[in-house]
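Going by numbering that gives the first Met the number 0, the sequence shown opens with residue 0, and the numbers climb by one from there. Note that the Cβ used here is the ideal one computed from N, Cα and C, for glycine as well. Predicted model, so just to flag it, every value in this text is computed and none were measured. Remarks on the structure that follows.
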Amino acid sequence: MTPALTIPDLIRKKRDGAEHTRAELEQLVLGYTRGDVPDYQISAWLMAVYLRGMTAQETANLTLVMADSGDQMDLAGLPRTVDKHSTGGVGDKTSLILTPMLAALGLTVAKMSGRGLAHTGGTIDKLESFPGWSPDLPEDRFLAQASEIGLALVGQTRDLAPADGKLYALRDVTATVDCLPLIASSIMSKKLASGAHTVVLDVKVGAGAFMRTLEDGRGLARAMVDIGTRAGRQVRAVLTDMDTPLGHMAGNSLEVQEALSTLRGEGPDDLTELCVALAVEALAAYGEDPAEAEARARATLTDGSALAKFRAFVEAQGGDTSLVDRPERLDVAPGRADVVAPAHGFVERLDALAVGRAVLVLGGGRERKGEAIDHGVGVEVLKKPGEAVEAGEPVLRLYHRDGRGLDAARRLLEEGLSVTETAPPPQPLILDRVN
0 MTPALTIPDL IRKKRDGAEH TRAELEQLVL GYTRGDVPDY QISAWLMAVY
50 LRGMTAQETA NLTLVMADSG DQMDLAGLPR TVDKHSTGGV GDKTSLILTP
100 MLAALGLTVA KMSGRGLAHT GGTIDKLESF PGWSPDLPED RFLAQASEIG
150 LALVGQTRDL APADGKLYAL RDVTATVDCL PLIASSIMSK KLASGAHTVV
200 LDVKVGAGAF MRTLEDGRGL ARAMVDIGTR AGRQVRAVLT DMDTPLGHMA
250 GNSLEVQEAL STLRGEGPDD LTELCVALAV EALAAYGEDP AEAEARARAT
300 LTDGSALAKF RAFVEAQGGD TSLVDRPERL DVAPGRADVV APAHGFVERL
350 DALAVGRAVL VLGGGRERKG EAIDHGVGVE VLKKPGEAVE AGEPVLRLYH
400 RDGRGLDAAR RLLEEGLSVT ETAPPPQPLI LDRVN
């Protein structure tokens, strides 16, 4: 009988570039989650993974082990379930629009979402712009609402993939965050534990995204689609540009206003196109013809069906639905300040990361989990890259509360803005698809 491998044996095995079995990954990861394996040994193993990588099967096995480390949502009683995940961007209010679109299209979204951290916003934060709206639902009510309305969205209160939380905290302090197998398994472990049959991924690429290059974005998308396929799920990914903020608004209440405008068929082109594209991927995963799916998706934004689903969803979770019809009454900070074009010409660059950081210093984001935020502050993009401007013309507008963070936010935006004499070539929003 082959003797059992010790934890140092497993660290050595990965250090030397060998492939772990699923049982070995359970020994390492579940042992660490239970507290049986100390963090100094898992830190050494994480660095070995960072340097040596993982095979596709090994990455899938790691994801399944992490998904099995805690609770599993059982959505088997719900029809045509879909989950959506974005890797994080600036002005990314897509979930507020896409999820009611999917519900209006006959799909079921029973989703757990998170809060924003650093320069990326969180769906829960945006929805809490509606007074009374709560992300806390008991499981029976969560499932009943998803069945009745087609849409229920709660905070991550269940103990889903606790191994991921522990491993991520350790990765954060051991310089092993930016490792593709570890990133992919972190994201997909929570998606698999959440129980949806189909997962649509929006992988952001560019200055305001975690993945800065298209090559890195493709690698992450392919890894996540492969994990889902091996786990028996339908997973489709769309790679989208995040050099420039999505839409015109960044900041919680401002983004809600823009989302409601889009649900009325009056939103900015880039935001509308992305929501339609993601809806098409979800419908195509259930066998619909893409052209027919696109027509049906667009119709939900013009016939009022997506807006009606959103209103019913807000009401079901205790929110003030009068603001759905009167979005101008949402709390928006009263202070205004503009960043103007330094010269005549065309906007060449409007750095998404700079906009996200500006919202953060204004008080609209958090540096640490649990911090309070100001839902009313933010940044409005008045001119997008490629648009003509005159010297001194406003390009960005800051919404601030009593000047908090205003000077720092203005500096960030000025550094992230450039104007050129000739119009830059248009950049596509959707860069690639992986399915």
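Beta-carbon proximity list for residue i, same chain, < 6 Å, skipping 5 on both sides
i, result
"H19", "E57"
"V176", "R170"
"G154", "I123, P134"
"L9", "E23, L27"
"V433", "A220, R221, V224, A236"
"V354", "V89, P244, A249, V378"
"A230", "L191"
Alpha carbon of residue i to alpha carbon of residue j, nearest angstrom
i, j, result
"A446", "G364", "Outside the shown range of the chain (0 to 434) lies residue 446, about which nothing can therefore be said."
"K13", "E23", "11 Å"
"G266", "I41", "47 Å"
"D158", "G362", "29 Å"
"D242", "T5", "46 Å"
"D135", "A315", "12 Å"
"V358", "G377", "5 Å"
"E370", "D401", "19 Å"
"G52", "L306", "45 Å"
"E254", "K382", "17 Å"
"E327", "M46", "50 Å"
"T299", "G415", "36 Å"
"F141", "T80", "14 Å"
"R348", "I429", "18 Å"
"S112", "A43", "31 Å"
"H343", "L97", "38 Å"
"A294", "P7", "57 Å"
"S193", "V172", "27 Å"
"S68", "V380", "43 Å"
"I226", "A284", "16 Å"
"A3", "V199", "40 Å"
"L412", "T62", "39 Å"
"G286", "P137", "33 Å"
"V64", "A290", "38 Å"
Contacting residues, own chain, Cβ-Cβ under 7 Å from residue i (five flanking each side not counted)
i, result
"A340", "V388, E389, A390, G391, E392, V394, V418"
"A407", "V360"
"L179", "G218, L219, A222"
"G16", "R51"
"G385", "F345, V346, A422, P423, P425"
"R297", "V275"
"V323", "L259, F309, R310, V313"
Sheet register partners of residue i (DSSP bridge)
i, result
"K189", "None; K189 has no bridge partner."
"F345", "A387, T419"
"I429", "T239"
"H399", "G334"
"V204", "M210, D240"
"K13", "According to DSSP, K13 bridges with nothing at all."
"P180", "According to DSSP, P180 bridges with nothing at all."
"G435", "Residue 435 is absent from the model: the chain starts at 0 and stops at 434."
"V199", "K83, R235"
"K110", "L152"
Of the residues the options, the one placed nearest residue i, counting alpha carbons only
i, options, result
"L29", "A296, G264, D163, D330", "D163"
"E280", "R396, T175, V224", "V224"
"L152", "T173, Y167, G121, L104", "G121"
"V234", "D240, T197, S321", "T197"
"V237", "A353, D201, P78", "D201"
"V338", "T301, T228, L27, R410", "R410"
"R403", "T32, R348, L412, A332", "A332"
"Y167", "L150, A422, K189", "K189"
"D240", "V354, R263, V204", "V204"
"I148", "D67, T107, G286", "T107"
"R325", "D302, R263, L428", "R263"
"S304", "P289, D269, L259", "L259"
"Y49", "A174, H343, L322, V64", "A174"
"G318", "H247, E127, V380", "E127"
"S321", "P161, I226, P130", "P130"
"D302", "P99, T228, V199", "P99"
"P161", "E291, A290, D330, R33", "R33"
"A66", "K83, L282, E25, D139", "E25"
"P427", "D288, E291, D268", "D268"
"Y31", "D288, K165, A292, R21", "K165"
Contacting residues, own chain, Cβ-Cβ under 8 Å from residue i (five flanking each side not counted)
i, result
"T1", "Because the pLDDT at T1 is just 48, under 50, the model does not fix this residue reliably, and the value given afterwards should be weighed accordingly. If we look at T1 and ignore the five residues flanking it on each side, it has no Cβ neighbours."
"L405", "G334, A336, L361, L397, H399"
"L77", "T107, A109, L142, A145, S146"
"T54", "E18"
Open item on the list: Count Cβ pairs between the region 181 to 190 and the region 218 to 226 that sit closer than 8 Å; are there 3 or more?
Closed with: Counting C-beta pairs closer than 8 Å gives three or more between the region 181 to 190 and the region 218 to 226, which meets the contact rule.
Open item on the list: Counting beta carbon pairs with one atom in the region 196 to 210 and one in the region 83 to 97, are three or more of them shorter than 8 Å?
Closed with: yes
Task: Cβ contact (3+ pairs, closer than 8 Å) linking the region 92 to 99 and the region 271 to 279 - done: yes
Open item on the list: With a threshold of 8 Å, are at least 3 pairs of Cβ atoms found where one atom belongs to the region 31 to 51 and the other to the region 101 to 108?
Closed with: no
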